[in-house]
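A short write-up of the structure that comes next.
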Amino acid sequence: MRRIITCLVVALLPLWTANAQPLKPNTPSILHWTPEQQREGYRSIETIYKTATIARGETVRALGKADRTLELSYTRDGRSWTIDDFMRGFNASGLMVLKDGKVLVERYGLGRQPQDRWISFSIAKSVTSTLVGAAIQDGKIKSLDDPVTLYIPELKGSGYDGVNLRQMLTMSSGVKWNEDYSDPDADVARSGTTYNEPGVNPIVSYMRRLPRVHEPGSTFHYNTGETHLVGMVVSKATGKSLADYASEKIWKPFGMERDAVWMLDGAGHELGGCCISMTVGDYARFGQFILEGGKARGKAMVPDGWVAEATGQRITGGALPQGIGYGYFWWVGSSGGFSALGIFGQSVTLFPADRLVIVVNSAWPRATDRDLSAGRSAFLYAVRDAAKGL
Numbered sequence: 211m212r213r214i215i216t217c218l219v220v221a222l223l224p225l226w227t228a229n230a231q232p233l234k235p236n237t238p239s240i241l242h243w244t245p246e247q248q249r250e251g252y253r254s255i256e257t258i259y260k261t262a263t264i265a266r267g268e269t270v271r272a273l274g275k276a277d278r279t280l281e282l283s284y285t286r287d288g289r290s291w292t293i294d295d296f297m298r299g300f301n302a303s304g305l306m307v308l309k310d311g312k313v314l315v316e317r318y319g320l321g322r323q324p325q326d327r328w329i330s331f332s333i334a335k336s337v338t339s340t341l342v343g344a345a346i347q348d349g350k351i352k353s354l355d356d357p358v359t360l361y362i363p364e365l366k367g368s369g370y371d372g373v374n375l376r377q378m379l380t381m382s383s384g385v386k387w388n389e390d391y392s393d394p395d396a397d398v399a400r401s402g403t404t405y406n407e408p409g410v411n412p413i414v415s416y417m418r419r420l421p422r423v424h425e426p427g428s429t430f431h432y433n434t435g436e437t438h439l440v441g442m443v444v445s446k447a448t449g450k451s452l453a454d455y456a457s458e459k460i461w462k463p464f465g466m467e468r469d470a471v472w473m474l475d476g477a478g479h480e481l482g483g484c485c486i487s488m489t490v491g492d493y494a495r496f497g498q499f500i501l502e503g504g505k506a507r508g509k510a511m512v513p514d515g516w517v518a519e520a521t522g523q524r525i526t527g528g529a530l531p532q533g534i535g536y537g538y539f540w541w542v543g544s545s546g547g548f549s550a551l552g553i554f555g556q557s558v559t560l561f562p563a564d565r566l567v568i569v570v571n572s573a574w575p576r577a578t579d580r581d582l583s584a585g586r587s588a589f590l591y592a593v594r595d596a597a598k599g600l
């Protein structure tokens with residue numbers, strides 16, 4: 211688990227860089243914002259890009275205060291660290307730690323307030339995965355063995371013939387994909403803008419032209435484009451937008467505190483792989499929802515066993531670092547923890563055996579940074595260890 215957050219690769223960079231729709235012309239790429247643009251823009255993304263609202267319900271799931279306070283002091287790189295040191299040193303805008311569903315720690319930085327949302331980046335992938343489970347529970351998706359072409363027939367005759375939903379969720383379709391953001395001709399840079407076929411989503415149009423290079427299910431290869439396809443599958447299967455379905459299956463029944471917003475692509479669809487904005491408390495509620503097995507007020511929103519399956523190691527090897535596994539859009543370690551992760555320092559980490567949820571929102575100076583990732587990992591484990599006796 212320690213290496214999940216330490217060894218992330220640039221594959222976490224999302225597809226929306228080529229496909230999100232800014233509200234104003236000449237909007238600078240979100241990958242290259244200044245620190246000031248990060249501080250202001252990450253908490254007001256709906257004023258910069260087109261988004262859909264994930265509506266909350268009338269009842270809010272209260273996050274009561276824990277009876278005890280988490281006291282934390284740990285050593286890293288020869289110096290002592292506290293929670294305040296972490297917040298400053300890692301440019302964190304929000305931190306929340308839940309144990310047994312109650313708040314052990316809640317901190318804010320960078321001028322952020324509790325009611326302020328913050329962009330998720332690729333944490334959205336784990337929400338999309340959860341909505342696949344909800345669609346199975348609702349009978350809208352029959353099985354993860356269903357071929358993706360059943361829901362997106364425009365992919366028939368392409369490299370996606372014979373690829374099932376399970377292989378899409380584990381990023382093992384076998385279809386060739388280049389997610390190198392230093393290469394302007396990479397698939398991730400071209401996929402949303404290269405083709406314009408009437409009646410066909412531009413990403414589908416692009417991806418159905420890609421060749422297959424591995425047997426489906428055999429090799430992990432991070433592919434943000436496919437997470438967008440999985441989002442389309444959910445929408446087509448349920449007849450609802452991802453935002454509306456997330457509201458129905460998570461936000462309203464579990465009692466999220468605020469409406470969230472989900473970034474849209476050029477065709478007006480939510481980006482299945484990126485960019486939900488929510489409060490730090492609602493990130494924690496999402497983690498608690500997963501920790502409680504995808505149940506809300508006693509009702510199962512996903513099939514029995516779904517959470518354990520989705521957050522377990524479903525595939526290893528390939529492009530994954532040694533010791534790291536991947537579930538259904540969740541990063542899985544070997545010590546009982548798993549994470550939803552996003553670039554620039556976003557994470558929702560769960561330690562089920564410790565009944566612990568840890569949320570960190572940040573504005574790192576770079577999308578991925580090994581030193582910052584290693585430091586965050588050390589902090590998360592220090593929190594876990596300190597919380598054991600509480």
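When the letters of the sequence shown are read in order and numbered with the working numbering, they come out as residues 211 to 600. For glycine and all other residues, C-beta sits at the position ideal for the given N, C-alpha and C. From a predicted model like this one, the values you see are computed outputs, not experimental measurements.
Hey, would you say Leu320 sits closer than 8 Å to Asn301, going by beta carbons?
Residue 320 sits at position 110 when you count from the first residue of the sequence shown. Residue 301 sits at position 91 when you count from the first residue of the sequence shown. Going by C-beta atoms, Leu320 is nearer than 8 Å to Asn301.
For Thr359 and Ser368, I'd like the C-alpha separation in whole angstroms.
Within the sequence shown, the letter at position 149 stands for residue 359. Within the sequence shown, the letter at position 158 stands for residue 368. Cα to Cα, the separation comes out at about 9 Å.
What are the start and end residues of the beta strand (DSSP E) that includes Arg317?
Walking along the sequence shown from the start, residue 317 turns up at place 107. From DSSP, the beta strand (DSSP E) with Arg317 extends over Lys312 to Tyr318.
Where are the beta strand (DSSP E) runs, 3 residues long or more, that stay fully inside the segment 243-282, in chain order?
261-264
Reduced DSSP category for Met488 - H, G, I as helix; E, B as strand; rest coil
Here residue 488 refers to the residue found at position 278 when the sequence shown is read from its first residue. The answer is strand: DSSP assigns Met488 an E or B state.
Quick check on this structure: which residue in Asp326, Ala345, Arg317 and Arg327 has the alpha carbon closest to the alpha carbon of Val512?
The sequence position of residue 512 within the sequence shown is 302, counting from 1. Of the listed residues, the one whose Cα sits closest to Val512 is Ala345.
Would Met306 and Val569 qualify as a contact pair, given that the criterion is a beta-carbon distance under 8 Å?
Walking along the sequence shown from the start, residue 306 turns up at place 96. Walking along the sequence shown from the start, residue 569 turns up at place 359. Yes, the pair counts as a contact, with Cβ atoms nearer than the cut-off.
I'd like the span of the alpha helix (DSSP H) that includes Arg327, first residue to last.
Along the sequence shown, read from residue 1 onward, the residue named residue 327 stands at position 117. Looking at the DSSP string, Arg327 is not in any alpha helix (DSSP H); the run it does join, the beta strand (DSSP E), is Arg327 to Ile329.
Arg507, buried or exposed, once every other Cβ within 10 Å from all chains shown has been counted against 16:
One-based indexing of the sequence shown puts residue 507 at position 297. Flag for Arg507 reads exposed.
Run of the alpha helix (DSSP H) containing Ala573, from where it starts to where it stops:
Counting from 1 along the sequence shown, the entry for residue 573 is found at position 363. Here Ala573 belongs to no alpha helix (DSSP H), and DSSP marks it neither H nor E.
Helix, strand or coil, according to DSSP, for Leu501 in the structure here?
As a working mapping, residue 501 is identified with position 291 in the sequence shown. Note: Leu501 maps to helix in three-state DSSP.
Round the Cβ separation of Pro412 and Ala453 to the nearest angstrom and send it over; I've been treating them as touching at under 8 Å.
Position 202 of the sequence shown, counted from the first residue, corresponds to residue 412. Position 243 of the sequence shown, counted from the first residue, corresponds to residue 453. Actually they do not touch by this definition, with Cβ atoms about 20 Å apart.
Since Ile333 and Ser487 are thought to touch, with beta carbons under 8 Å apart, how far apart are those beta carbons, to the nearest angstrom?
Your numbering for residue 333 matches position 123 in the sequence shown. Your numbering for residue 487 matches position 277 in the sequence shown. Wrong, their Cβ atoms sit about 10 Å apart, outside the cutoff.
Where does Tyr536 sit, in a helix, a strand or coil, going by DSSP?
On the sequence shown, position 326 is the one that residue 536 refers to. Strand.
In the DSSP assignment, the beta strand (DSSP E) including Thr170 goes from what residue to what residue?
Nothing about residue 170 can be read from this structure; the chain reaches only from 211 to 600.
Please classify Lys459: is it buried, with 16 or more other beta-carbons within 10 angstroms of its beta-carbon, or exposed?
Position 249 of the sequence shown, counted from the start, is the residue given in the question as residue 459. When all chains shown are included, Lys459 counts as buried.
Which of helix, strand or coil DSSP assigns to Ala592
For this step, residue 592 is matched to residue 382 along the sequence shown. Ala592 falls in the helix class under three-state DSSP.
C-beta atoms of Arg322 and Phe464 nearer than 8 Å
To locate residue 322, count along the sequence shown from 1; it is residue 112. To locate residue 464, count along the sequence shown from 1; it is residue 254. Contact flag unset, no.
Separation of Arg422 from Ser382, as counted between CA atoms
Here residue 382 is taken as the residue at index 172 of the sequence shown, counted from 1. Here residue 422 is taken as the residue at index 212 of the sequence shown, counted from 1. Straight-line Cα distance between these residues: approximately 11 Å.
Tell me Leu481's beta-bridge partners as DSSP assigns them.
Here residue 481 refers to the residue found at position 271 of the sequence shown. Paired residue(s): none; Leu481 is not in a bridge.
Rounded separation between Ala550 and Trp461 - CA only
Taking the first residue of the sequence shown as position 1, residue 550 is located at position 340. Taking the first residue of the sequence shown as position 1, residue 461 is located at position 251. Answer to the nearest angstrom: the Cα atoms are 17 Å apart.
Do you know offhand how far Gly585's Cα is from Arg289's?
On the sequence shown, residue 585 is found 375 positions in, with the first residue counted as 1. On the sequence shown, residue 289 is found 79 positions in, with the first residue counted as 1. For Gly585 and Arg289, the distance between alpha carbons rounds to 12 Å.
I want to check one thing, is the minimum distance from the CB of Tyr284 to the heavy atoms of the ligand ATP below 7 Å?
As presented, the structure is devoid of all ligands, the ligand ATP included, so that no description of it is given.
Which residues in the same chain as Asp326 place their Cβ atom closer than 6 Å to its Cβ, once the five residues preceding and following it in sequence are excluded?
Locating residue 326 in the sequence shown gives position 116, counting from the first residue. The residues are Arg253.
What whole-angstrom Cβ distance do Ser572 and Gly555 have, given they're in contact under 8 Å?
Within the sequence shown, the letter at position 362 stands for residue 572. Within the sequence shown, the letter at position 345 stands for residue 555. Contact flag correct, Cβ pair sits at about 3 Å.
Starting from the Cα of Thr242, find the closest Cα among Lys234, Pro235 and Gly251 and give me that residue.
Numbered from its first residue, the sequence shown carries residue 242 at position 32. Checking the sequence, you will find His at residue 242 rather than Thr. Closest by alpha carbon: Gly251.
Under 8 Å between C-beta atoms of Lys537 and Gln523
The sequence position of residue 537 within the sequence shown is 327, counting from 1. The sequence position of residue 523 within the sequence shown is 313, counting from 1. Sequence inspection shows Gly at residue 537; the Lys mentioned does not correspond to that position. Yes, the pair counts as a contact, with Cβ atoms nearer than the cut-off.
Give me the residue from Val593, Gly599 and Leu600 with the minimum Cα distance to Ser283.
On the sequence shown, position 73 is the one that residue 283 refers to. Comparing Cα-Cα distances from Ser283 to each of Val593, Gly599 and Leu600, the minimum goes to Val593.
Tell me which same chain residues have a C-beta within less than 7 Å of the C-beta of Ala456, skipping the five on either side of it?
Taking the first residue of the sequence shown as 1, we reach residue 456 at position 246. Within the same chain, Ala456 has close Cβ partners Ile264, Val337 and Leu341.
Taking Ala597 as the reference, give the member of Ile258, Asp277 and Lys234 with the closest Cα.
The sequence position of residue 597 within the sequence shown is 387, counting from 1. Ala597 has its Cα closest to that of Asp277, out of Ile258, Asp277 and Lys234.
Reference Phe561; option with closest CA among Leu590, Met378, Lys505 and Gly515:
As a position in the sequence shown, residue 561 is number 351, starting the count at 1. Of the candidates Leu590, Met378, Lys505 and Gly515, the one whose C-alpha sits nearest the C-alpha of Phe561 is Leu590.
Beta carbon of Ile362 nearer than 8 Å to that of Leu439:
Mapped onto the sequence shown, residue 362 falls at position 152. Mapped onto the sequence shown, residue 439 falls at position 229. Contact flag set, yes.
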